[in-house]
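Engineer:
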Amino acid sequence: KGPATVSPTGQQTGTDPAQVAQGGEFLTTAHGARLKDTDHTLRAGPRGPALLQDHHFREKISHFDHERIPERVVHARGAGAHGVFTGYGTAAKISQAGVFAKDKETEVFVRFSTVLGSRGSGDLARDTRGFATKFYTDEGTWDLVGNNMPVFFIQDAIKFPDVVHAAKPHPDREIPQAQSAHDTFWDFVSLHTEAQHHTIWNMSDRGIPRSYRMMEGFGVHTFRLIGPDGSTSLVKFHWKPKLGVHSVTWEEAQLINGADPDFHRRDLADAIEAGAYPEWELGVQVFEDTEDQMFQGIDLLDPTKLVPEELVPVEPIGKMVLNRNPSNYFAETEQVAFNPNNLVPGIDVTNDPLLQGRLFSYLDTQLSRLGGPNWTQLPINRPHAAVNDMLRDGMHQTAVHRGVAPYHPNSLDGNNPFPTPADDRPFIDHPAPVAASVKERELAASFEDHFSHARLFYLSLSEVEREHVAQAYTFELGKCYEQNIRERQLRCLGAIDTGLAQQVAAGLGMPVPEPEEAPADVQPSPALSQVGQEWPL
Ligand code: HEM
59 KGPATVSPTG
69 QQTGTDPAQV
79 AQGGEFLTTA
89 HGARLKDTDH
99 TLRAGPRGPA
109 LLQDHHFREK
119 ISHFDHERIP
129 ERVVHARGAG
139 AHGVFTGYGT
149 AAKISQAGVF
159 AKDKETEVFV
169 RFSTVLGSRG
179 SGDLARDTRG
189 FATKFYTDEG
199 TWDLVGNNMP
209 VFFIQDAIKF
219 PDVVHAAKPH
229 PDREIPQAQS
239 AHDTFWDFVS
249 LHTEAQHHTI
259 WNMSDRGIPR
269 SYRMMEGFGV
279 HTFRLIGPDG
289 STSLVKFHWK
299 PKLGVHSVTW
309 EEAQLINGAD
319 PDFHRRDLAD
329 AIEAGAYPEW
339 ELGVQVFEDT
349 EDQMFQGIDL
359 LDPTKLVPEE
369 LVPVEPIGKM
379 VLNRNPSNYF
389 AETEQVAFNP
399 NNLVPGIDVT
409 NDPLLQGRLF
419 SYLDTQLSRL
429 GGPNWTQLPI
439 NRPHAAVNDM
449 LRDGMHQTAV
459 HRGVAPYHPN
469 SLDGNNPFPT
479 PADDRPFIDH
489 PAPVAASVKE
499 RELAASFEDH
509 FSHARLFYLS
519 LSEVEREHVA
529 QAYTFELGKC
539 YEQNIRERQL
549 RCLGAIDTGL
559 AQQVAAGLGM
569 PVPEPEEAPA
579 DVQPSPALSQ
589 VGQEWPL
């Protein structure tokens with residue numbers, strides 16, 4: 059263990075980050091002065107009073123007083139693991155990103171999470187699960203910040219505060235802490251009906267996974283890949299678990315949450331410790347990058363829609379093995395900062411309006427969560443590629459930058475040349491055409507179909523899975539105090555499937571209301587009829 063050093067790029071790089079704080083044999087103050095006693099306050103006489111002069115006491119208590127940082131505004135509860143991603147080379151033609159090259163190994167850190175519960179909530183809540191992966195590639199960090207469900211509640215990021223306010227505990231009593239059984243949630247999803255598709259996934263067995271190791275992951279949005287020749291394609295990312303997808307029943311979830319609220323994080327850590335390393339394949343559904351970015355009538359920019367895998371199969375492009383537990387929860391799992399902005403050459407975003415908003419939100423929230431702009435220097439967030447930026451100073455700066463001219467170009471420190479096509483590939487925002495005039499604050503008509511995909515999902519389930527969905531809606535809506543909210547949600551269920559609406563209404567002891575009507579001009583994709591979808595009802 060050598061002393062902490064400063065790299066040529068100015069980043070502090072000790073070989074062991076813990077060494078900075080735990081390097082010697084003796085207990086010391088934070089300034090390195092050796093201590094004789096850490097159990098007794100300095101006093102005027104054996105029975106006090108305590109003296110202000112006791113620096114060690116003040117430092118110890120004061121540091122403790124400031125140990126907590128804000129939990130994430132969403133996804134506060136999580137568990138993480140380190141691992142390795144290996145490219146198969148099968149995506150090398152469609153993306154120039156080195157991470158996909160054949161047999162290329164890249165270190166990763168994954169954080170799984172629930173969305174709504176606080177940091178101390180139970181693992182088995184009925185909820186969406188986060189599945190965020192940080193790839194420390196040679197070309198910079200790539201974050202694939204996904205969920206275990208392929209669609210999202212809203213289509214436009216401007217509604218994110220609204221959906222989270224509605225789904226988090228009620229402001230007055232802070233009930234419930236980690237599930238969707240309450241009025242504001244059902245009020246929101248029955249008024250903002252684009253949320254019905256994600257909601258039915260939550261009400262299905264997918265909402266209560268057996269283990270993080272047995273969950274699929276989805277990038278949700280459509281991304282754009284850029285090939286070595288500059289050609290582009292649109293893709294949706296999928297993680298497929300080697301152990302298959304498994305859930306528990308609601309009754310099992312209640313028992314497990316009561317007996318062991320840490321069940322999922324324990325399961326992940328125990329499996330890795332035992333050498334049963336969890337494994338996923340990363341795959342892509344590939345679409346032609348057409349001008350309208352539609353696939354057979356399905357708008358690829360609408361994050362509430364999916365493209366059935368029967369129509370566009372998922373092609374495997376690499377595998378990920380998680381093989382090392384974090385050694386410090388706070389330093390790794392809590393301080394890790396994912397960001398959909400973290401892209402590398404060959405991977406780019408699209409105009410999905412939800413994704414576009416995310417590009418602002420993560421960096422912004424991390425400024426307050428991690429106390430200023432320098433969180434990229436935290437060990438878990440440091441890129442494994444060389445860093446050479448002109449960002450300077452700020453709260454918690456740990457780099458000792460060299461030179462006097464933090465601007466580019468300059469004539470004092472020497473300029474680093476920008477890469478040329480001959481020697482390297484810089485990140486280039488893909489020059490996609492955009493509409494020329496500022497549009498009204500409204501979404502495209504192709505975003506207006508809110509029920510056909512929910513119906514598609516429901517019809518894809520087995521009999522027993524449908525039974526679970528009906529039971530989940532009945533239980534959760536049964537917790538709603540407001541009759542008109544239950545009724546409005548029943549109308550939405552009627553627009554998804556009449557039988558489902560009848561079952562839930564019977565369970566709630568309510569009459570079946572008329573189904574919610576889709577706007578007259580809504581045209582569900584003709585592609586859905588190829589996978590058993592009938593429309594209109
Ligand atoms: C956190 C996924 C939409 C804002 C997260 C995390 C995941 C995630 C997995 C946890 C990251 C971690 O483990 O640290 C998604 C997915 C979305 C989505 C898949 C939609 C497809 C949004 C939108 C916004 C947003 C629309 C805001 C406009 C946030 C914020 C955090 C977060 C503020 C906390 C980040 C932090 O404190 O480090 N999201 N999210 N998310 N998400 Fe999203």
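FYI, UniProt numbering numbers position 34 of the sequence shown as 92, with every residue one higher than the one before it. Glycine included, C-beta positions come from ideal geometry on N, C-alpha and C.
1) Under the assumption that Leu283 contacts Ile438 (Cβ atoms under 8 Å), give the Cβ distance between them as a whole number of angstroms.
2) Among Ile212, Leu364, Gly429, Glu331, which residue has its Cα nearest to the Cα of His124?
3) Give the list of continuous beta strand (DSSP E) stretches no shorter than 3 residues that lie fully inside the region 185-228.
4) What's the C-alpha gap between Lys217 and Gln235?
5) If we ignore side chains and look at the alpha-carbon of each, how far apart do Tyr539 and Asp320 end up?
6) Check whether the Cβ of Gln435 sits closer than 7 Å to any heavy atom of the ligand HEM, and report yes or no.
7) Mind checking Ala334: buried by the 16 CB within 10 Å criterion, or exposed?
8) So is Val462 buried or exposed if we call it buried at 16+ other beta carbons inside 10 Å?
9) Thinking C-beta only, is Ser426 closer than 8 Å to Arg346?
10) Within 10 angstroms of the Cβ of Met448, are there 16 or more other Cβ atoms? Answer buried if so, exposed if not.
11) Please state if the CB of His279 and the CB of Thr408 are separated by a distance shorter than 8 Å.
12) What span of residues does the beta strand (DSSP E) with Ser291 cover, start to end?
13) Any heavy atom of the ligand HEM inside 7 Å of the beta-carbon of Asn205?
14) Pull up the distance between the alpha-carbon of Glu310 and that of Val445, whole angstroms please.
15) Does Val562 come out as helix, strand or coil in the three-state DSSP assignment?
16) For Met378, report the span of its alpha helix (DSSP H) as first-last.
17) Do the region 297-309 and the region 88-107 touch if we need at least three Cβ pairs shorter than 8 Å?
18) Shorter than 7 Å, the distance from the beta carbon of Thr423 to the closest heavy atom of the ligand HEM, or not?
19) My understanding is that Tyr516 touches Ile543, with C-beta atoms under 8 Å, so please give their C-beta distance in whole angstroms.
20) Alpha carbons only, please: which of Trp338, Leu566, Ser520, His508 is nearest the one belonging to Gly536?
21) Under 8 Å between the Cβ atoms of Arg135 and Arg169?
22) How would you call Arg324, buried or exposed, if buried means at least 16 neighbouring beta carbons within 10 angstroms?
23) Output the residue ranges of the alpha helix (DSSP H) runs that lie fully inside the region 110-135 and measure 4 residues or longer, sorted by chain position.
24) By the three-class DSSP mapping on this structure, what secondary structure does Thr99 have?
25) Quick check: the Cα distance between Leu182 and His114, rounded to an integer number of angstroms?
26) Near Gln154, which residues of its chain fall below 7 Å by C-beta distance, leaving aside the five closest residues on each side in sequence?
27) CB Leu548 to CB Pro571, shorter than 8 Å?
28) Can you tell me which of the three DSSP states Asp406 falls into?
29) Alpha carbon to alpha carbon, how far is Pro267 from Met273? Give it in angstroms, no decimals.
30) At what residues does the alpha helix (DSSP H) containing Val247 begin and finish?
31) Going by C-alpha to C-alpha distance, which of Val293, Phe281, Ser269 sits closest to Gly302?
32) Residues in its own chain within less than 7 Å of Gly341 by CB, not counting five upstream and five downstream?
33) Taking only runs of the beta strand (DSSP E) that begin and end inside the region 305-365, which ones reach a length of at least 3 residues, in chain order?
34) His488 by DSSP, collapsed to three states: which one?
35) Who are the Cβ neighbours of Met261 in its own chain at under 6 Å, not counting the five residues just before and after it?
Structural biologist: Let me spell this out:
1) With a Cβ gap of about 27 Å, Leu283 and Ile438 do not count as contacting.
2) Gly429
3) 187-195, 198-205
4) 21 Å
5) 30 Å
6) no
7) exposed
8) exposed
9) Looking at the sequence provided, one finds Glu at residue 346 rather than Arg. For Glu346 and Ser426, no; Cβs fall outside 8 Å.
10) exposed
11) yes
12) 290-299
13) yes
14) 48 Å
15) helix
16) Element bounds for Met378: not the alpha helix (DSSP H) but the beta strand (DSSP E), 373-382.
17) no
18) yes
19) Not a contact, Cβ separation roughly 21 Å.
20) Leu566
21) no
22) exposed
23) 113-123
24) coil
25) 42 Å
26) Ile284, Gly285, Pro286, Pro403, Gly404, Arg483
27) yes
28) strand
29) 7 Å
30) 241-249
31) Ser269
32) His296, Lys298, Val372, Glu373, Pro374, Ile375
33) 337-346
34) coil
35) Val527, Ala530, Tyr531
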